[in-house]
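Chemist: I have a structure I would like to understand better, so I am pasting it below and will then ask my questions one at a time.
Number of protein chains: 2
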Amino acid sequence: MSTSSAASNGCATAGRPSSGCPSSVFSEVQTSRLRHSLPLPSVLRKPFNVSDGPPSSAAGNPDEIAKLFPNLFGQPSATLVPGEGLKKDQGLRIGVVLSGGQAPGGHNVISGIFDYLQECTTGSTMYGFKGGPAGIMNCKYVELTSEFILPFRNQGGFHMICSGRDKIETPEQFKQADETASKLELDGLVVIGGDDSNTNACLLAENFRGKKLKTRVIGCPKTIDGDLKCKEVPTSFGFDTACKIYAEMIGNVMIDARSTGKYYHFVRLMGRAASHITLECALQTHPNITIIGEEVALKKLTLKNVTDYITDIICKRAERGFNYGIILIPEGLIDFIPEVQQLIGELNEILAHDVVDEGGQWKKKLRNQSQQLFDFLPQAIQEQLLLERDPHGNVQVAKIETEKMLIQMVDTELEKRRQEHSYNGKFNGQSHFFGYEGRCGLPTNFDANYCYALGYGAGALLHSGKTGLISSVGNLGAPVEEWTVGGTALTSLMDVERRHGKFKPVIKKAMVELEGAPFKKFASLRDEWALKNRYVSPGPVQFVGPTANEINHTLMLELGAQA
Amino acid sequence: MSTSSAASNGCATAGRPSSGCPSSVFSEVQTSRLRHSLPLPSVLRKPFNVSDGPPSSAAGNPDEIAKLFPNLFGQPSATLVPGEGLKKDQGLRIGVVLSGGQAPGGHNVISGIFDYLQECTTGSTMYGFKGGPAGIMNCKYVELTSEFILPFRNQGGFHMICSGRDKIETPEQFKQADETASKLELDGLVVIGGDDSNTNACLLAENFRGKKLKTRVIGCPKTIDGDLKCKEVPTSFGFDTACKIYAEMIGNVMIDARSTGKYYHFVRLMGRAASHITLECALQTHPNITIIGEEVALKKLTLKNVTDYITDIICKRAERGFNYGIILIPEGLIDFIPEVQQLIGELNEILAHDVVDEGGQWKKKLRNQSQQLFDFLPQAIQEQLLLERDPHGNVQVAKIETEKMLIQMVDTELEKRRQEHSYNGKFNGQSHFFGYEGRCGLPTNFDANYCYALGYGAGALLHSGKTGLISSVGNLGAPVEEWTVGGTALTSLMDVERRHGKFKPVIKKAMVELEGAPFKKFASLRDEWALKNRYVSPGPVQFVGPTANEINHTLMLELGAQA
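Going down the list, the sequences are from chains A and B.
Anchor point for the first sequence: position 433 equals 433 in full-length UniProt numbering, and the numbering is continuous, going up by one each time.
Anchor point for the second sequence: position 63 equals 63 in full-length UniProt numbering, and the numbering is continuous, going up by one each time.
See below:
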């Protein structure tokens, strides 16, 4: 147990600003954000009680979920309603942990919990576990004080306590968590994370309750990918900011493309599992071509189909005199293409046992379709597939730069068409990957407010004795004062997957719904965007002024569709 | 002569918004910028006269410059001063052209000229030449009207009339320009461009005057690279915006690096000739390592020196527990390294005559030092040098991704040190290139105001009969009202270079001065930034609020140093 170990990755350390740890240096904009005060939903500004809903079930296989969560299954969701208020003379000991990749707003969740404890309880203590769930297991933490939290308010990043990707899974690891909870006499723990981390949060809640430990667990929906959402949790935090940062860059590149008239910009965007970011950026900027992974999967498109789709539009644009354009591609595109998965599976098998001979005899071991696909791939990608392996000897799919691969394949196809006299334009592809730039930006007003309410609400849920809920803030299309606050039973979001012969609980990722309002709007406009140039440049995120409180298109359309 | 040819690269075409040309779709921020009204220096808001200074000379070789510009050499610079005003009842016919790469604010220069003509003359006409200087030679233009210009006010990009990189050089081309000037009865032409384009503008002014054509020429200082500046022209437009956009991204990546604690981000920034962008971004964000090309050149550093400098800092950081960081690299780095230039020269020579044998016999033709350097390069770069040639058979230096090359070289060096037990950290390099994202962003308030004054002033200079001047707006550290406005003799910025046995006039690029205030400030802080983490995240450009009118560090420091 330690609060004084060296901050190996630069996590802030309370009270030691000059000890080699990063001290805070702020830009003017950061300083103005530090001073920015946050509105709270009106239900949180007056005394409130927690009202329970009806018993809950599960997203799928309720019987299995009931077996996996015997102490939690069926518990109702909770809503904060005006009332006489919770008892204030109760000091709580609360821990918080950041889990997984960064998302703008995480610091405001922590600020929200802290402010709740300050304002609605007496003599509470708050701990930040350092470096993610490993911090819980190793009992590495820092006590969070007003002074400590101050420089992180409304700021991006997770560097206040840092994050990590470890999971608390084995009985031994749960035991470590129990020890930490007991040692710190934790009344509650807030887990800020994505679908996996919230599943883990629920398992931890079940574990503590099963062992009759007093520690309660509340989750918070975090992921820039936007794939953790449901009716009660309309969006995950960070998505709004990240998409706006990417859209700013895309808009700038669009204007550049139009000004020079000679480049096709292929922009790969984050989102390995779901294409929400790509879709949202398309709605914000109106690119000529947008590939949505879920549509590729549903229509069982091949890589050749995708290449042809892009090439066809480039040819039509060339006929109109446009030899430039913008193409958005989700990071996880090739994971959505069944034939690619098949090829990679076969390659892993072959390369585990055989030598790749220069004559290409090894290729005969590929099935027909896979062999064709392999030959269709650009040489650089072929080499990457054969040479770059992970420590288990598997092909490193994640390392394939999909945007560069597509540029080469489109170029080859265009050359073919040029020979056939069906294309007479110029093609010059430029590749971009917008990733790290968006994960740690200063949170937009929306994310700043949303996170603060999520954290404040999480504090209230713990105070009222709740566990196994995910903090849920709703009615997000309305002004902040009218937002609803509560918690949703994590078990109600769960289904099971069979892994290694056992049922594992999972919160299913929310994929882009082809029948959902955002995709339908995109689909109704994309043909026009393809040939005419309807580019929109969203510009940089504004924190003050008339444009400062806009909400992303995906959320607005989904809220409208629900209404 | 045509105003109706198809807009081949999407340039806006007056009066035909629905003809396949891009129609305007605006984001909320773009719309708010459209409505934003621009302040003018007070000297432009009241009647003014133009006051001439003393005769001018040249930046170097005045005798040669005098021979090259017999009609213009020695003319005084001009300053606008309060007075009875120029005659208003004179209609002017003015053309404008955008030359070279995009820079935020170009549209505001055009708006400024237009507004000057509207407000200070009667019955003037303005033409925008399409696609750069080629538009002058081919007489491709569009008449600029109030309605036409409106949607481009305060917007990024050059797509109003588009730009191009052609030069008016040969006698035949000058004749074409004469014809266009005569056909349109141009009183004046404003050339918006960088050092080359302004040299060209001066040659054009000399040409017109020599032939006794009435067309006068005024230049405007444009380049995001910031390498066109002198005492009278304190900065080129676009530099402020581009640097702030890059710094936003760098700041975000920094926070990400600190939050995850596991990546070294190598960020390559625009600026092939000079490293002003890299230096400015460093001053804004405080990265751990910054390479300034001019310093590398002056100290005659080798690639191994640069690699060692980076590696040494990474090792020292590892000792402190920091296995992450941010490294800024100027795009033109390897152009600054003499040994690399030597190697490339030798390679071009060898590859023009010999076959590259797999056994490596060809390598023996390299001089010793070049052979060592070649062997020191990562394999991928070696292959790139040998395989990728331009149409003249030369090595394509510009295609070398310096940031990736450095990652590999640093990784190799760290591995060596690990074997020697002098390094025990983890190294994971991530590469970024921030380029196109910054050239077409919405101009900052500074660039919007500066460009508007440059354009408005250029109108005034033409109106007063001036030619061969570059629009010059000064006192930029003061509020806009106090800015000075005038024109500087382009010949006074010139020197000559000997090319193909002839003297060619050139405006020398303004390089980073190691004795200048910006570099000195950087140099005084970089050791602290290297080991401690003083990261600053500038955040997105703000257009309203307390942070909206900040000016970049380079300009402020240079203004301060002059004072």
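A virtual CB, placed ideally from N, CA and C, is assigned to each residue, including glycine.
Given the structure is predicted, the values throughout are model-derived calculations rather than measurements.
Alpha carbon to alpha carbon, how far is residue 66 (chain A) from residue 503 (chain A)? Give it in angstroms, no decimals.
Modeler: 12 Å
Chemist: Just to make sure I have the definition right: I need the residues of chain A whose C-beta is within less than 7 Å of the C-beta of residue 255 (chain B). Which are they?
Modeler: 156, 157, 159, 440
Chemist: Can you list, in chain order, the residues of the stretch 528-561 of chain B whose Cβ is nearer than 9 Å to any Cβ on chain A?
Modeler: Within the stretch 528-561 of chain B, the qualifying residues are 531, 532, 533, 534, 535, 536, 537, 538, 539, 540, 541, 542, 543, 544, 545, 546, 547, 548, 550.
Chemist: Please state the DSSP three-state secondary structure of residue 320 (chain B).
Modeler: coil
Chemist: Around the C-beta of residue 21 (chain B), are 16 or more other C-beta atoms found within 10 angstroms, so that it is buried, or is it exposed?
Modeler: The predicted model places residue 21 (chain B) with a pLDDT of 39, which falls under 50 and marks its position as unreliable; any figure quoted below should be read in that light. That one is buried.
Chemist: Taking the alpha carbon of residue 498 (chain B) as the point to measure from, which residue in B:164, B:68, B:556 has its own alpha carbon closest?
Modeler: B:68
Chemist: Would you be able to state if there are at least three C-beta pairs under 8 Å between the stretch 236-255 of chain A and the stretch 273-290 of chain A?
Modeler: yes
Chemist: Please state whether DSSP places residue 385 (chain B) in a helix, a strand or coil.
Modeler: Assigned with DSSP and collapsed to three states, residue 385 (chain B) falls in helix.
Chemist: Interface residues of chain A around residue 26 (chain B) at Cβ under 9 Å?
Modeler: 536, 537
Chemist: Determine, for residue 22 (chain B), whether the minimum Cβ-Cβ distance to residues of chain A falls below 9 Å.
Modeler: Its pLDDT being 46, under 50, residue 22 (chain B) is placed unreliably by the model, and the measurement read from it follows with that caveat. True, the Cβ-Cβ gap to chain A drops below 9 Å.
Chemist: Using a C-beta to C-beta distance shorter than 9 Å, which residues of chain B count as neighbours of residue 30 (chain A)?
Modeler: 251, 536, 537, 538, 539
Chemist: Whole angstroms are fine: how far does the CA of residue 203 (chain A) sit from the CA of residue 557 (chain B)?
Modeler: Their backbone Cα atoms lie some 57 Å apart in a straight line.
Chemist: Can you list, in chain order, the residues of its chain whose CB lies under 8 Å from that of residue 517 (chain A), leaving out five sequence neighbours each side?
Modeler: The beta carbon of residue 517 (chain A) sits closer than 8 Å to the beta carbons of 557, 558, 560, 561 from its chain, once the five residues preceding and following it are set aside; these are given in chain order.
Chemist: In the DSSP assignment, find the unbroken beta strand (DSSP E) run with residue 484 (chain A) in it and report its ends.
Modeler: 484-489
Chemist: Just the chain B side, please: which residues come within less than 8 Å of residue 430 (chain A) by C-beta, in chain order?
Modeler: 436
Chemist: Looking only at C-alpha atoms, which of B:414, B:494, B:528, B:544 sits nearest to residue 423 (chain B)?
Modeler: B:414
Chemist: Between the stretch 439-454 of chain B and the stretch 247-266 of chain B, are three or more C-beta pairs nearer than 8 Å?
Modeler: no
Chemist: Would the beta-carbon of residue 198 (chain B) fall within 9 Å of that of residue 169 (chain B)?
Modeler: no
Chemist: Anything in the stretch 92-109 of chain B with a Cβ closer than 7 Å to a Cβ of chain A? List those residues in chain order, please.
Modeler: Listed in sequence order: 102.
Chemist: Please report the straight-line C-alpha distance between residue 351 (chain B) and residue 393 (chain B), rounded to a whole angstrom.
Modeler: 8 Å
Chemist: Can you grab the Cα-Cα spacing for the pair residue 387 (chain B) / residue 179 (chain B), in whole Å?
Modeler: 45 Å
Chemist: Please give the ranges of any alpha helix (DSSP H) in the stretch 71-146 of chain B, keeping only runs that are unbroken, at least 4 residues long and fully inside the region.
Modeler: 106-120, 133-137
Chemist: Please state the DSSP three-state secondary structure of residue 52 (chain B).
Modeler: Under the three-state reduction of DSSP output, residue 52 (chain B) falls in the strand class.
Chemist: Which class does residue 543 (chain A) belong to by DSSP, given the choice of helix, strand or coil?
Modeler: Of the three classes helix, strand and coil, the one that applies to residue 543 (chain A) here is coil, per DSSP.
Chemist: Is residue 190 (chain A) near the ligand MN, going by C-beta to nearest heavy atom under 8 Å?
Modeler: This structure lacks the ligand MN, and indeed carries no ligand of any kind.
Chemist: With 9 Å set as the bound, which would you pick, yes or no: does the beta-carbon of residue 245 (chain B) sit closer than that to a beta-carbon of chain A?
Modeler: True, the Cβ-Cβ gap to chain A drops below 9 Å.
Chemist: Would you tell me roughly how many angstroms separate the C-alpha atoms of residue 543 (chain A) and residue 455 (chain A), rounded to the nearest one?
Modeler: Straight-line measurement puts the Cα of residue 455 (chain A) at about 21 Å from the Cα of residue 543 (chain A).
Chemist: Could you tell me which uninterrupted beta strand (DSSP E) segments, each at least 3 residues in length, are contained entirely in the stretch 178-236 of chain A, listed from first to last along the chain?
Modeler: 188-193, 216-221
Chemist: Starting from residue 259 (chain B), trace the alpha helix (DSSP H) both ways and give me its first and last residue.
Modeler: 239-260
Chemist: Listing by chain order, which chain B residues have their CB less than 9 Å from the CB of residue 286 (chain A)?
Modeler: Under the 9 Å cutoff, chain B gives 25.
Chemist: In angstroms with no decimal places, state the Cα-to-Cα distance between residue 3 (chain B) and residue 383 (chain B).
Modeler: Residue placement at residue 3 (chain B) is poorly supported in this model, since its pLDDT is 37, which falls under 50; the coordinates are not used for a value here.
Chemist: For the stretch 505-544 of chain B, which segments carrying the beta strand (DSSP E) assignment without a break, of at least 3 residues, lie completely within its bounds, in sequence order?
Modeler: none
Chemist: If you reduce the DSSP assignment to three classes, tell me which class residue 431 (chain A) lands in.
Modeler: strand
Chemist: Which word fits residue 225 (chain A), buried or exposed, when buried means at least 16 other C-beta atoms lie within 10 angstroms of its C-beta?
Modeler: When all chains shown are included, residue 225 (chain A) counts as buried.
Chemist: Return the Cβ separation of residue 310 (chain A) and residue 410 (chain A) in integer angstroms, given the expectation that the two are a contact with Cβ distance under 8 Å.
Modeler: 5 Å
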